Each structure stands twice: as C-alpha cells, then as structure tokens.
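Accompanying notes for the structure given below.
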Amino acid sequence: GALEKKVAAGPAAPKNNKKQADPNAVYNIPVGDSVVLGNPNAKITIIKWTDFQWPYCAKSVSLIDDILAKYPNDVKVVVKNFPLSFHKQAKKAAKYAFAAHKQGKYKEMYHKIMENFRDLKNNEDLPMTYAREFGLNMSQFVRDFESPEVAAQIEKEINELKTSGIPRLAVPKFLIQGKEPQGRSVEAFSAAIDKILKEG
C-alpha cells in the first residue's frame with residue numbers, strides 16, 4: 113500500500129522547519145498525584161493532557177474509554193490538565209473535576225463536563241450542579257475546589273508538559289509509555305499498545 117511505500121522511501125523533509133515530533137523520543141513524565149483511570153497497576157501507561165473547553169479534548173474522551181475497555185488490565189490512563197489560557201473557564205473546570213476526584217467521582221465529572229463543555233462559557237459553575245447530581249458532599253467539594261493543594265496540582269501538570277521537551281504544546285497530548293503515538297485513533301493506539309505487550 114501507499115503507507116509501506118512512504119515508509120520505504122524514508123523520512124520526508126520536515127515541512128517549514130517546524131520541530132518534528134520524533135516518534136522514538138521517550139518523555140519521562142511522572143504519574144505523581146494526577147488522576148489515574150483504569151487498572152493502577154497496569155503495565156502500560158498512557159498520559160493525556162487535556163483542556164475542558166476544547167472540542168478535540170472532548171472528542172478524545174471516547175477514544176480513552178474505548179482503549180480502557182479494550183485493555184482493562186494492561187492499560188492505565190493518567191489524566192493531566194493543560195487548560196489553555198484563552199479558555200477562560202477551563203482551569204476552573206479542572207479544579208472542579210479534581211474536587212470530584214477527591215470523592216471518587218472523577219470519571220463521572222470528567223465525562224459530564226466534557227459532554228457539556230460548550231455550556232461552561234455561560235455558566236462556569238456548572239460542575240456544582242453535577243456534583244449535586246452525583247450526591248457529593250458539597251461542603252467538602254467546595255473546600256477541595258478552593259484548596260491551594262488542588263490549584264498547585266494543576267499548575268504542576270501544566271509545567272510538566274511545558275518543561276517536557278515535547279514539541280508542539282497542543283492538547284489533547286498523548287504519550288504511550290512515554291512516546292507520542294502516531295495517530296489519534298483506537299487503531300493507532302492499539303498498534304502501539306500491542307507492540308509493547310508483544311515485546312513483553
């Protein structure tokens with residue numbers, strides 16, 4: 113096929129000299145206190161930086177769900193925040209999601225905010241409504257949302273990406289075992305995961 117031909121022809125010259133992502137570069141990012149979805153002892157770690165007001169991040173939620181469903185024992189996904197400065201409510205949403213995490217409802221909150229991310233513009237405190245729906249302890253939820261610890265955690269995650277050396281700080285940004293996947297689909301991710309599992 114065309115793909116094999118392309119591979120055989122060797123790497124194309126980089127266009128307009130933008131720093132190319134080296135598919136073999138390994139970026140060592142600690143899990144730290146970030147949210148982990150899936151089996152915490154899984155062999156393979158996917159790191160995902162996300163912004164709660166970015167359509168592409170919202171789109172990639174189902175990709176992660178599909179991968180976790182496909183590899184329930186072998187893969188864990190570490191979610192890190194990278195709210196873009198021009199998304200005025202994204203950082204606040206990240207704090208709300210982290211506050212939900214403190215009560216074991218991160219996944220639910222994350223899905224709910226992402227499903228309705230466009231509504232944050234008109235109501236940045238929408239996650240409060242969701243927290244009530246999930247039956248969270250509201251005073252604790254607000255306390256965690258406002259805590260310096262949660263704010264520091266988000267700043268730490270932002271800095272991890274900024275100082276990682278990864279070219280192009282766009283979100284969502286994925287690393288599979290420290291490497292940037294070539295493509296953003298269940299197929300592309302599965303190929304990378306299967307290769308690691310096969311290599312044992």
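Each residue of the sequence shown is one higher than the last, beginning at 113 in this note's numbering.
The C-beta atom is built at its ideal place from N, Cα and C for all residues, glycine as well.
For clarity, every value in this text was computed on a predicted model and none was experimentally measured.
Selection from the options that minimises the alpha carbon distance to residue i
| i | options | result |
| --- | --- | --- |
| T241 | M221, S174 and S259 | M221 |
| K204 | L232, I288, N136 and I179 | L232 |
| V262 | T275, V147, E311 and A181 | V147 |
| A243 | A209, N234 and Y183 | A209 |
| I179 | A212, N151 and F229 | N151 |
| D186 | N153, A211 and K160 | N153 |
| S259 | V189, A211 and T162 | A211 |
| S174 | K307, L238, E267 and V298 | V298 |
| I182 | F257, S302, K310 and L309 | It is Lys, not Ile, that sits at residue 182 in the sequence shown. The shortest C-alpha separation from K182 is found at S302. |
| T157 | Q165, W166 and V191 | V191 |
| N200 | R230, K171, G216 and I176 | Checking the sequence, you will find Lys at residue 200 rather than Asn. Comparing Cα positions, the closest option is R230. |
Residue environment, residue i, which counts as buried when at least 16 other CB atoms sit within 10 Å
| i | result |
| --- | --- |
| Q252 | exposed |
| K118 | Note that K118 scores 49 on pLDDT, short of 50, meaning its location in the model is unreliable and no value can be drawn from it. |
| M250 | exposed |
| F198 | exposed |
| N128 | Because N128 sits at a pLDDT of 42, beneath the cut-off of 50, its placement in the model cannot be relied upon, and the following sentence gives the value as read from the coordinates. With fewer than 16 other Cβ atoms within 10 Å, it is exposed. |
| Q294 | exposed |
| L287 | buried |
| V138 | exposed |
| P142 | exposed |
| Y168 | exposed |
| D163 | buried |
| N136 | exposed |
| K207 | buried |
| N235 | exposed |
Residue i, enclosing beta strand (DSSP E) - first and last residue
| i | result |
| --- | --- |
| V138 | Neither: V138 is in no beta strand (DSSP E) and is coded neither H nor E. |
| V143 | Per DSSP, V143 belongs to no beta strand (DSSP E) and is neither H nor E. |
Alpha helix (DSSP H) segment containing residue i, residue limits
| i | result |
| --- | --- |
| L196 | No alpha helix (DSSP H) contains L196, which DSSP labels as neither H nor E. |
| P167 | P167 to K182 |
| L238 | L238 to E245 |
Under the three-state DSSP convention, the category residue i falls into
| i | result |
| --- | --- |
| K217 | coil |
| K160 | strand |
| K188 | strand |
| V298 | helix |
| K207 | helix |
| K310 | helix |
| N151 | coil |
*What alpha helix (DSSP H) runs, 4 residues minimum, are completely inside the stretch 247–287?*
Segments of the alpha helix (DSSP H) lying fully in the stretch 247–287: 250–258 and 260–274.
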